[in-house]
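Visitor:
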Amino acid sequence: MTGSHNSEEFRVFASCATEVGEGPLWNDAEQALYWIDVSRGAVYRSSYKNPKDSFEHWQLNIGKIGGAVFTKDGFMLLFAACGRVWKWKPGSEPELKAELKEAAESRFNDVIADPSGRVFCGVAPLVPGGTGSLWRMDEDCSFTCIEPVTRGMPNGMGFSPDLKDFYFTVTNERTIYRYSYNRRDGSLTGRSVFIVVPDSEGLPDGMTVDSEGCIWSGQWNGNRLVRYSIEGLKTGEICFPIAKVSCVTFGGPGYTDIFVTTANHPFDESVYNSSGAGSVFVMTQSIRGLPEFRV
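Numbers 136 to 430, taken from this note's numbering, label the letters of the sequence shown in order.
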């Protein structure tokens, strides 16, 4: 994708009216998309062929859910309030899997699984304008602190297709960082500033990486989804009539569908009725994405 496009190329995938739609994950076996509403602590699912007003919804009563990953045995790990990680799948009750005591007064935000079964997870600031942090949960459910201080919300993450680089967004710093990633032990080294979003645009939020190694980043209060090259240069954008474009993932047959979550926070029904803010959108095109890893 090059140049500026508009959201008319997208259709509504799910008219779900979330407050903070986030964390979209494609389940290839089910040919379905899962996503969350952070604020309401809910999980959603819709099949690829479902009408836009036909989706499933689970209110789990585990507090705010910041992110999720799939497990190899068909469950999800939900990274939620009070530093707790829950194992869950539709039809079951959430089971406490792990707990980060350093986040007991806070909550998890965005997360991503690596190819060896670890999960990198952000911890949100306690108060607006406060500091967050980045952690790694290993297969034994122990936690290691990677970045003890982020100036604001830790957010979207991704891996380069060759698994040499790891990308990490800090929203309030308007920055996407790049690290060297070691698959053997999960370590991250050599942090460098990779992308800085200008003040004239929104705040970088959730992200994904396509098969060409390019980053797709949603912009909170920026009305857009932006694609960056492997050199970190902006190569294109898609503009939405919705201010809070929160996250993006690839899925569908051949992973050529782009799914975009949006937010409507604080929720305003009139804004939803006029723009669809809070819905999930989809567009089919020629650029392929990559499957997310499972733990």
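Glycine is no exception: its CB is placed at the ideal position from the N, C-alpha and C atoms.
Does the region 370–389 come into contact with the region 408–426, if we say contact requires no fewer than three beta-carbon pairs (one atom in each stretch) closer than 8 Å?
Guide: Taking 8 Å as the limit for Cβ pairs, the verdict is that the region 408–426 does touch the region 370–389.
Visitor: Using the DSSP secondary-structure output, state which residues sit across from GLU191 in a beta bridge.
Guide: According to DSSP, which records beta bridges pairwise, GLU191 is partnered with ARG180.
Visitor: In the DSSP assignment, the alpha helix (DSSP H) including ASN244 goes from what residue to what residue?
Guide: It is not in any alpha helix (DSSP H) - ASN244 instead sits in the beta strand (DSSP E) that spans 243–248.
Visitor: Quick one: Cα of ASN162 to Cα of GLU228, how far?
Guide: So the two alpha carbons sit approximately 20 Å from each other.
Visitor: In this structure, what does DSSP give as the bridge partners for GLU282?
Guide: Answer by DSSP bridge pairing, in chain order: LEU269.
Visitor: DSSP state of VAL406, grouped into three classes?
Guide: Of the three classes helix, strand and coil, the one that applies to VAL406 here is helix, per DSSP.
Visitor: If you draw a straight line from the alpha carbon of PHE205 to that of PHE385, how long is it in whole angstroms?
Guide: So the two alpha carbons sit approximately 15 Å from each other.
Visitor: Sorted by chain position, which residues of the same chain lie with C-beta nearer than 6 Å to PHE278's C-beta, five sequence neighbours on each side aside?
Guide: For PHE278, where only same-chain residues beyond five positions count, the Cβ hits under 6 Å are LEU235, TRP270, MET272.
Visitor: Classify GLY226 as helix, strand or coil using the three-state DSSP reduction.
Guide: Of the three classes helix, strand and coil, the one that applies to GLY226 here is coil, per DSSP.
Visitor: Considering only the beta carbon of each residue, do SER295 and ASP340 sit closer than 8 Å?
Guide: No, the Cβ-Cβ distance between SER295 and ASP340 is not below 8 Å.
Visitor: With a threshold of 16 other CB atoms inside 10 Å of the CB of ASN196, please say whether the residue is buried or exposed.
Guide: So ASN196 counts as exposed.
Visitor: Where TRP131 and ARG309 are concerned, what is the direct C-alpha to C-alpha distance, given to the nearest angstrom?
Guide: This structure cannot speak to residue 131, because the chain is shown only from 136 to 430.
Visitor: Taking Cβ to Cβ, would you say GLY198 is nearer than 8 Å to ARG242?
Guide: A contact, by the Cβ cut-off of 8 Å.
Visitor: With DSSP run on the structure shown, which of helix, strand or coil describes CYS398?
Guide: A small correction: the amino acid at residue 398 is Ala; Cys does not occupy that position in the sequence shown. Residue state, collapsed to three classes: strand.
Visitor: Going straight from the alpha carbon of PHE214 to that of GLY413, what length do you get?
Guide: Computed Cα separation, rounded: 21 Å.
Visitor: In terms of DSSP beta bridges, what is SER352 paired with?
Guide: DSSP, once it has assigned bridges, lists MET342, VAL361 as partnering SER352.
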